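Engineer: This is the structure I have questions about; it appears just below.
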Amino acid sequence: ESQSSLDPCDYLTGAWKRNLEWRQFGGNFKRLRGTNAIVVIEEYISSVQQDGTRYLKWSFGRGLKPTELRFGYVMKFNAAEGDKKSSSSDTTAIEWQYCGHLCNGVFQKNTKVYVLNFHLKTSTVVITYRILNKNSMAVCIVEVDGRHTPTVQMGNMYRLDAKMYAHLAREGEET
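Residue numbers (our numbering): 29 to 203.
Set out below in structure tokens:
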């Protein structure tokens, strides 16, 4: 995918499988565990439509059925707010609410990297997604809070073929 045609929202949209290895953040970076999750990212139509702004709804879970997914957040992507210093922006500003806190991030087109910052009352989480190709991303999450062991979570996200899994998503709607 050429950099000029890469749309940060179009790229993310779809169903993904995320595999992470969790390690202690510091010391000998002791391995803690491995996890797998499904991440579904969908276009979200907001009542507040603005030029250059798009919204994506993120859901997380163990499967693709609606009953297996939990709402995460809705992110606002605004290319016009990205890099105000240049006329042709290589960055896209990202904002969302999480647990009542305004969070922010950026998509950097020239490095194909999303950096998401969650600065909450008692914790800080920084997530970096690096596009590897049209169907996979590398992921690194640094999570520090006062109640749990600080962790570094690293792994990959792989795009799921929607046609292969469409019947699973429909099964949840028939209830």
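Note that CB positions come from ideal geometry on N, CA and C, so glycine has one too. Since this is a predicted model, take the numbers as computed values, not measurements.
(1) So the candidates are Gly-128, Lys-162, Gly-62; which of them puts its Cα closest to the Cα of Trp-50?
(2) What is the rounded straight-line gap between the Cα of Pro-94 and the Cα of Glu-71?
(3) Go through its chain and collect everything with a Cβ distance to Val-167's Cβ below 6 angstroms, but skip five positions before and after it.
(4) Is it right to say Thr-139 is buried, meaning 16 or more other beta carbons lie within 10 angstroms of its own, or is it exposed?
(5) Using alpha carbons as the reference points, say which of Leu-97, Ile-155, Asp-118 lies closest to Leu-34.
(6) Excluding sequence positions up to five away, which residues of its chain have a Cβ less than 6 angstroms from the Cβ of Asn-64?
(7) In three-state terms, what does DSSP make of Thr-179?
(8) If I measure Cβ to Cβ from Leu-160 and keep anything under 7 angstroms in the same chain, skipping five residues before and after, which residues do I get?
(9) I'd like the list of long-range same chain contacts for Gly-42, defined as Cβ closer than 6 angstroms, with 5 residues on each side in sequence excluded.
(10) Could you tell me which of Ile-122, Leu-148, Gln-181, His-147 sits nearest to Leu-40, measuring between CA atoms?
(11) Along the chain, which unbroken stretches of the beta strand (DSSP E) at least 3 residues long are found entirely within the segment 125-195?
Structural biologist: Short version:
(1) Gly-62
(2) 16 angstroms
(3) Tyr-157, Gly-183, Met-185
(4) exposed
(5) Asp-118
(6) Asn-47
(7) strand
(8) Ala-166
(9) Arg-187
(10) Ile-122
(11) 129-136, 141-147, 151-161, 164-173, 179-187
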